Amino acid sequence: GDGETYPTYNGWLMYEFSGDSGVGQGKGQGIQSFGGTWSAISPAGTPVTAMAGVATSAPATSSGGSGTAGY
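Numbering (the working numbering), first residue to last: 94 to 164.
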């Protein structure tokens, strides 16, 4: 490994979208990249399809997640 620790939930790595600059943002929601569609997850571990009160617009391209924190 690289000596870093990364947060997980039920064994899944958690990521923070690089386009989000604060708590409650979800600009990476629904982006298709790295062979799949990225989604926030609920406490039950299911994908969140709509995020009430959260901006979900995303840029045309994405630099991906930073790997340092989770939604």
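From the three backbone atoms N, C-alpha and C, an ideal C-beta is built for every residue, glycine too. On a predicted model such as this, the values are computed, not experimentally measured, just so you know.
Who does residue i pair with in a DSSP beta bridge?
i	result
PRO140	ILE134
TYR102	TRP105
What three-state label does DSSP hand residue i in the structure shown?
i	result
PHE38	No statement about residue 38 is possible, as the shown extent of the chain runs from 94 to 164 and does not include it.
Looking only at its chain, what residues have a beta carbon closer than 8 Å to the beta carbon of residue i, apart from the 5 residues adjacent to it on each side?
i	result
THR101	MET107
THR130	GLY123, ILE124
ASP113	GLY119, LYS120, GLY121
ASN103	GLY138
Short of 6 Å in beta carbon distance, which residues of its chain neighbour residue i, apart from the five on each side in sequence? Order them along the chain.
i	result
SER135	VAL141
Taking only the alpha-carbon atoms, compute the straight-line gap between residue i and residue j and give it to the nearest angstrom.
i	j	result
GLN125	GLN118	18 Å
GLU165	SER111	Within the shown structure, residues of the chain are numbered from 94 to 164, placing residue 165 beyond reach of any answer.
GLY128	GLY115	26 Å
GLY121	SER132	8 Å
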